[in-house]
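Residue numbers (this note's numbering), protein chains in the order written: chain A, 41 to 126; chain B, 576 to 975.
Idealized CB from N, CA, C, for every residue including glycine.
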């Protein structure tokens, strides 16, 4: 499925804004992203499996907070950073 | 992830003499400046009169510590995070021209129920013993200790601290720590014995191991805590910076939330040498800097710890202070520094000494100024301004 990558993580995807990843759940998709782009997962998900504070993930426009959330191949996943502060 | 930094990037300030024509072999001293928005390297000549700036590295990233491995003179480790992404570490083996991300940064053990702690940022980096090349220690926020045996590429948590119920209790919660998170810092390796270690926690006190870190014990006698709290409980101890004398590993100095101290082992009783500072200045501060050869000489940079703890220079008049007799007497060193209306201060990792003679000192301010002295603090010169808030300054003397 297609994944939108936020600019702070473009250094991992060689500048790609859109990438493809596979998986039946959000967790599996992020694991596939880590396989393709080593190091990217820990910047988004902490060692306890929690989404980091300013990281938001939307599936077909709806916010998702749980990694076990099931996904379909046709879903569009957008990873977004809630940028704020000076 | 690999990052390549353009070499010899443009100077960032109007006070830096450019030196692009200088041969790289002229460089003798390098200052590693870690800031809230990136890192800079300042290359200086042997006289520390001219400086060439290299940076920014990791622009927009929070860099808490940038350290050169003294065992090879070219490997840099940078503790990096951003305000929004998780923490990581970068490693360079060519003095910052290329950076490679750690493949396994410091992270706490994962718990099955997801209630475990997560590293917010790596705060402190310590190269291990000279006989253990490639071994590093890291201290994190919240308080955790980690070890790498492959030059900083992969890191393993030290469960004897990170998961020990007693230590977890002493670490307290985020509410007990500094405003940007409680920290484990001041990891010290005895140059005579790699199994002899110290570390400190804000909060949580100073601790020692003599068995290579399998077990640690508090080292708190003589240290004071905020009035009304139990001095016997490590939770209430707030060491800001602990240093070991390079030429006398039995002597430790400490800048604490509650004063300046010295400890001469094998004794275990800290002595509050900050009592000898003028009362109008006090003995609150963050950095503790030691002379590379004279164990009686140490520098501090006091801050205002009155009433609401402004944490600025006292009365807006910054100064370093030096003792040359182990803390019996202190001398103010402010020549060249602003005489008034300077309300910045210096964080615990943001002041350092080189190993040349006379000793060069440097410090970075919370207002983004980098100051240096080539004569042990008698005269200060601002060598950069308008940098982001400076978190750490380390210095190293490079082989010509």
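At least one CB of chain A closer than 8 Å to the CB of residue 683 of chain B: is that the case?
yes
Contacts of residue 78 of chain A in chain B (Cβ-Cβ under 7 Å):
678
Option nearest residue 91 of chain A by Cα separation, candidates A:50, A:44 and A:120:
A:120
Only counting runs of 3 or more residues, tell me where the beta strand (DSSP E) segments fall wholly within the stretch 771-805 of chain B, in order along the chain.
772-777 and 780-784
Would you check if the distance between the CB atom of residue 943 of chain B and the CB atom of residue 969 of chain B is smaller than 8 Å?
no
Could one say the Cβ of residue 693 of chain B lies closer than 8 Å to chain A's Cβ atoms, at least one of them?
yes
Could one say the Cβ of residue 105 of chain A lies closer than 8 Å to chain B's Cβ atoms, at least one of them?
no
Alpha-carbon spacing of residue 733 of chain B relative to residue 743 of chain B, whole angstroms:
13 Å
How many Å lie between residue 909 of chain B and residue 645 of chain B at the Cα?
30 Å
Just how far apart, CA to CA, sit residue 622 of chain B and residue 807 of chain B?
48 Å
Using a Cβ-Cβ cut-off of less than 8 Å, give me the residues of the stretch 48-72 of chain A that come near chain B, in sequence order.
48, 49, 51 and 52
Check each candidate in B:708, B:697, B:726 and B:704 and name the one with the smallest Cα separation from residue 720 of chain B.
B:697
Just mark residue 829 of chain B as buried or exposed, buried being the case when its beta carbon has 16 or more other beta carbons within 10 Å.
buried
Using DSSP with H/G/I as helix, E/B as strand and the rest coil, what is residue 849 of chain B?
helix
Go ahead and pull the three-state DSSP assignment for residue 830 of chain B.
strand
Per DSSP, what kind of secondary structure is residue 736 of chain B in: helix, strand or coil?
helix
Give me the Cα-Cα distance between residue 604 of chain B and residue 641 of chain B, rounded to the nearest whole angstrom.
15 Å
Between which two residues does the beta strand (DSSP E) containing residue 970 of chain B stretch?
965-972
Residue 889 of chain B to residue 945 of chain B, Cα distance in whole Å?
19 Å
I need the straight-line Cα distance from residue 685 of chain B to residue 617 of chain B, nearest angstrom please.
39 Å
What residues match up with residue 835 of chain B in a beta bridge as DSSP calls it?
B:830
Determine, using beta carbons only, whether residue 911 of chain B and residue 874 of chain B come nearer to each other than 8 Å.
no
What number of angstroms, rounded off, separates the C-alpha of residue 608 of chain B from the C-alpha of residue 114 of chain A?
47 Å
Sorted by chain position, which residues of the same chain lie with C-beta nearer than 7 Å to residue 67 of chain A's C-beta, five sequence neighbours on each side aside?
107 and 108
Say whether chain B places a C-beta atom closer than 8 Å to the C-beta of residue 91 of chain A.
no
I'd like to know if residue 659 of chain B contacts chain C, where contact means its C-beta is closer than 8 Å to some C-beta of that chain.
In the structure shown, chain C cannot be found, because the protein chains are A and B.
Are there three or more Cβ pairs, one per stretch, closer than 8 Å when the stretch 707-715 of chain B is compared with the stretch 622-635 of chain B?
no
In the DSSP assignment, what are the bridge partners of residue 118 of chain A?
A:44 and A:98
Please check if any C-beta of chain A sits within less than 8 Å of the C-beta of residue 663 of chain B.
yes
Determine which residues share a DSSP beta bridge with residue 865 of chain B and list them.
B:873
Quick one: list the residues of chain B neighbouring residue 74 of chain A, beta-carbon separation under 8 Å, in chain order.
Under the 8 Å cutoff, chain B gives no residues; its nearest Cβ is about 11 Å from residue 74 of chain A.
Round the Cβ separation of residue 914 of chain B and residue 892 of chain B to the nearest angstrom and send it over; I've been treating them as touching at under 8 Å.
6 Å
Residue 686 of chain B CB to nearest chain A CB: under 8 Å?
yes
Between which two residues does the beta strand (DSSP E) carrying residue 764 of chain B extend?
758-764
Which of helix, strand or coil does DSSP assign to residue 856 of chain B?
coil
Any idea if residue 760 of chain B is buried or exposed, counting beta-carbon neighbours within 10 angstroms, 16 or more meaning buried?
buried
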